[in-house]
Amino acid sequence: GLDTKQKQQILAQLLQTKEGIPISAFHSSLSGLEIVVRYAKDNDRRSFSEIAATLNRKLSTLYTTYTKSKKKFPQPLDVSDNSVCIPIGIFHDRRYAVLELIISFLKEQERLSFKEIAALLHKHYNTITTTYRRYKSKHG
141 GLDTKQKQQI
151 LAQLLQTKEG
161 IPISAFHSSL
171 SGLEIVVRYA
181 KDNDRRSFSE
191 IAATLNRKLS
201 TLYTTYTKSK
211 KKFPQPLDVS
221 DNSVCIPIGI
231 FHDRRYAVLE
241 LIISFLKEQE
251 RLSFKEIAAL
261 LHKHYNTITT
271 TYRRYKSKHG
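Using our numbering, the first residue of the sequence shown is number 141, and each one after it goes up by one.
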């Protein structure tokens, strides 16, 4: 595994890079975490230990998540639309659900409206607003 210093270096590196997961990857039927893990593994070619450090999650969780996602959705993720990218480093904070972090990023960093976010993520408008409200109530 990686020590704390290595984990912090990886995280700092990731938070600086403008790259991330293309918004179109989130159009699949997979859960947010499954998409993040799949992208990191298949597209970024990261090791499970690197992904675990980045996402602040257990190796076994990620391995299971990845394996399940391959069964559920064998085809590659859609990475055709990278007009907006979600930086993988935002998922380090475990207080929030993956979807909460994606929506807050799109709302606060990308300055998108709830309507635009709903269209980008292929989710109902009410799902977006409810999830964002939940994020804000945790965030204070």
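Glycine included, every Cβ here is placed at the ideal spot set by N, Cα and C.
query: Would you mind stating whether L217 and I175 have Cβ atoms separated by less than 8 Å?; result: yes
query: Between the alpha carbons of R185 and L252, how many angstroms are there, rounded?; result: 30 Å
query: Within its chain, find whatever has a CB closer than 7 Å to the CB of F213; leave out the 5 residues flanking it on each side and keep chain order.; result: S168, S169 and L170
query: Does the region 190-199 come close enough to the region 253-261 that 3 or more CB-CB pairs lie under 8 Å?; result: no
query: Could you tell me how far apart the beta carbons of G172 and I242 are, in whole angstroms, since I believe they sit closer than 8 Å?; result: 6 Å
query: Alpha carbon to alpha carbon, how far is H262 from F166?; result: 8 Å
query: Roughly how far, in whole angstroms, is the beta-carbon of I257 from the beta-carbon of L246, given that I think they are within contact range, below 8 Å?; result: 5 Å
query: Going by DSSP, what residues sit across from P162 in a beta bridge?; result: C225
query: Could you pull out every residue in the same chain whose Cβ sits closer than 8 Å to the Cβ of K208, ignoring the five residues on either side in sequence?; result: E174
query: With a CB to CB cut of under 7 Å and the five nearest residues on each side skipped, what residues in its chain are close to V238?; result: G172, L173, V176 and F231
query: Tell me the start and end of each unbroken alpha helix (DSSP H) in the region 173-249 that is at least 4 residues and wholly inside, in chain order.; result: 188-195, 199-212 and 238-244
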